[in-house]
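Numbering (the working numbering), first residue to last: 23 to 552.
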């Protein structure tokens, strides 16, 4: 089994032992029924990789059957509740990078920045995060040396099981890092906690940061060396990249800056043997798993085996509409939803005669100005992700419903950007090297040196991050770090629900703990403002 083609009949071993987090109304209940028990699955070492694959697949798919069927959490459609789909929405829709035309439920509240603790899309990602933590906890709990010995798993098999265990620890740290960024405080449980005995304790943002940092610092000596694991699985470089991102945002998360650490860990990634892909557009195509030495950690999709209406299937379908021809994007239909705002288009000027190839928008029949968020032709879709291979052929699903395009969670390009920003924020390093890294990105974007710069500042870095990383689910975090997310000094169309934009309350920098979980767990405390 390769992790590009995750088996859709993966064992569901961890499903009986996820965190004790269910609401009074069973809303978004994350305790699906399964006839497979931990004892029967873990007795056979041949099942271990499939169980680990389920943890990875939890980012890509939403359920047990065919991708979204028999969903892991209930109370919301399986495809809608998909981890990457909701992570994208919560990171992009409240920013200048994306609006969505749909009026489903409380979805418009995300771009309007008027959400409440009953927002079902926020709750979906919240429960996805903790479902993933629960899956990882169960795998880690069942792969201790004592448990392995009791099952007569020894030698090379035991060593491989320990390696799998460390990957599960990374995946848990990844989801907990998303909890730090999006929710701040929340429930906390590890493999040491008894399952279902009592609600998990609350952990605050600073303590959770320390926990994730400690886990990752330990894992950097345990996971496989960079570029030696299977594509789509974590290695040391994934650990370093997650640490670099945590340290870059540490001042927001903990009140203490860690820019020197961010630079150091970005350097570890930069020196790990990765290289920029020559063609930027190929990073986001249906065969972006091939000849790709830039992506450090990807969430894998396959149109035949990961058949979900979330993930990149959602991004590609939802950003297609109006006069766009779906076949040009390797799909059978457009859903007429996602576009960007004029603020992002303005980051790609062509008045100097040169062209930044990252500024790839669909403009025919589209209005630059957004007069009505619900009108797809208001705003420019970013045509970055496509279900088309480098040879021009569509992805593997002949029907055109589901896509092969992997989602790049971590890329070398972002390590360059983290290094440059950390230098500018006083994290040491070399300003000349920072400029060199930025120019490597711009030379790829322009095809020559015409876009090179001789100096950089923080405002430039924020803009360059948008040019390089648009729709890669980092914009909300970036705007918060730069003090522009809630402030009235930086506006975009319909920020705060107003056509020309307005400043919003600072408490919007964190999402609320879902009301359903506050009702279920008396240990939790709501974030201020909600």
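Note that beta-carbon positions come from the ideal geometry of N, C-alpha and C, so glycine has one too.
In the structure shown, residue 430 falls within a strand segment according to DSSP collapsed to helix, strand and coil. In the three-state reduction of the DSSP assignment, residue 64 falls in the helix class. The segment 83-165 contains, as complete beta strand (DSSP E) runs of 3+ residues, the segments 85-87 and 91-93 (chain order). Taking residue 228 as reference, the option from 69, 527 and 198 with the minimal CA-CA separation is 198. As the crow flies, the alpha-carbon of residue 162 is around 5 Å from that of residue 187. The shortest CA-to-CA distance from residue 525 to any of 214, 278, 170 and 118 is the one to 118. For a cut-off of 8 Å, the C-beta gap from residue 330 to residue 101 is around 6 Å, short enough to register as a contact. Relative to residue 351, the option among 409, 292 and 388 whose CA is nearest is 409. Within the segment 277-316, complete beta strand (DSSP E) segments of at least 3 residues are not found at all.
Contact annotation: the segment 126-138 does not touch the segment 165-176, with fewer than three C-beta pairs closer than 8 Å. Rounded to the nearest angstrom, the gap between the Cα atoms of residue 81 and residue 378 is 32 Å. In this structure, residue 362 keeps its C-beta atom at 8 Å or more from the C-beta atom of residue 336. Beta-bridge annotation (DSSP): residue 541 is not paired with any residue.
The alpha-carbon separation between residue 357 and residue 123 amounts to approximately 10 Å. Nearest to residue 513 by alpha-carbon distance, out of 77, 134, 71 and 107, is 134. Between the segment 239-256 and the segment 206-225, the count of C-beta pairs closer than 8 Å stays below three; the two stretches do not touch.
Looking at the DSSP output, residue 362 bridges to 402.
Put simply, the segment 251-270 touches the segment 439-448. At least three CB pairs are less than 8 Å apart. Rounded to the nearest angstrom, the gap between the Cα atoms of residue 488 and residue 473 is 16 Å. In the structure shown, residue 318 falls within a strand segment according to DSSP collapsed to helix, strand and coil. Bridge pairing for residue 208: 225 [DSSP]. For residue 165, same chain residues with a beta-carbon under 6 Å away, outside a window of 5 residues either side, are 183 and 187 in chain order.
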